[in-house]
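Under this note's numbering, think of the first position of the sequence shown as 487, with each following residue one higher. Glycine is no exception: its CB is placed at the ideal position from the N, C-alpha and C atoms. Structure first, commentary second.
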Amino acid sequence: MPASLSFAAYGEGIGNASAVVRANAVSAGLTAPVPSCPGWTVLDLVLHLGTAHRWASAIIEGVPQDRWPTEKSGRAEGLASGDVLEWFDDGMAHLLHVLASAPADLEAFFFLKDAGRPREAWARRQAHETTIHGVDAMAARLGRVPTASQTWVTAALAADGVDELLTGFVPRKSGKLRTAPGEPPLTVLVRATDIDRAWTLRVSADPVITTTGTRAQEEAHGIPDVVWEGTAAALYLGLWNRGDEITEIGETGERSFLDRWRTDQRVQWT
């Protein structure tokens with residue numbers, strides 16, 4: 487799952503999405519609920535993302551693990567800051583500074599396998615972390631999850647985010663996306679309609695195996711059991727459980743496989 491965008495593009499992605507978070511937080515208000523994150527307010531969202539930025543910065547800087555920020559410590563720091571949005575801005579700016587200052591051959595912890603060089607991997611991860619939460623901030627302002635076309639997310643950024651999710655997060659041993667006992671293995675073709683990218687998920691009782699390539703390359707594997715298709719942005723948001731613009735073709739039983747994805751596929755950081 488090596489990065490498909492440039493290091494600079496990820497930095498730009500962090501900055502753009504952070505601006506979206508801030509603007510929508512101001513417009514919605516910190517007490518507004520976040521429809522895409524049930525139980526959260528905008529304040530919770532800002533504190534979480536500000537902590538995520540500081541966590542990544544600490545790892546890149548080589549801070550000992552026992553001093554990495556946690557959700558609890560980050561939340562306390564943000565609440566004590568006096569201005570949580572200024573605190574958020576400071577964390578984002580520091581993250582960009584740390585990334586820009588890090589050597590290309592940085593040696594640092596990263597939690598996904600085959601992610602490429604840690605500097606690029608962290609820039610990529612934080613670009614997508616911030617982008618998805620930017621969509622959450624938009625949802626707080628709108629009172630609903632925005633459609634893909636209402637967001638600023640480009641096809642290239644979205645396809646890269648789909649790739650990180652499907653080739654990085656989903657195949658992990660801790661992944662919950664498996665077939666049920668007695669259920670035969672199945673394949674899912676994930677196909678973008680506006681950019682020449684596709685992914686094939688081979689789902690069984692073992693961890694998912696994912697391949698990726700052009701649409702023609704992935705379609706050449708044979709007829710899949712299920713096809714998910716949409717614009718790259720629709721796939722990106724839908725697979726991160728923000729939106730329902732993915733078209734599903736094929737049947738896998740009483741429940742659609744996309745419904746199973748929405749209940750079984752929950753990202754955890756370890």
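Asked, Found
"Nearest residue (CA-CA) to residue 698, options 731, 747, 640 and 657", "657"
"Range of the contiguous beta strand (DSSP E) that encloses residue 615", "No beta strand (DSSP E) contains residue 615, which is instead part of the alpha helix (DSSP H) from 604-628."
"For residue 741, the three-state DSSP class (helix, strand or coil)", "coil"
"Check whether residue 491 and residue 603 have beta carbons under 9 Å apart", "no"
"Rounded Cβ spacing between residue 645 and residue 681 (contact assumed at less than 8 Å)", "5 Å"
"Opening and closing residue of the beta strand (DSSP E) in which residue 715 lies", "712-716"
"Of the listed residues 692, 667 and 642, nearest to residue 660 (C-alpha basis)", "692"
"DSSP bridge partner residues for residue 748 (one or two, in chain order)", "DSSP, once it has assigned bridges, lists no residue as partnering residue 748."
"Contacts around residue 502, its chain only, beta-carbon distance under 6 Å, and the 5 residues preceding and following it disregarded", "none"
"Other residues of its chain near residue 703: CB distance less than 8 Å, five sequence neighbours each side excluded", "684"
"Closest by C-alpha distance to residue 747, when choosing among 525, 545, 712 and 630", "712"
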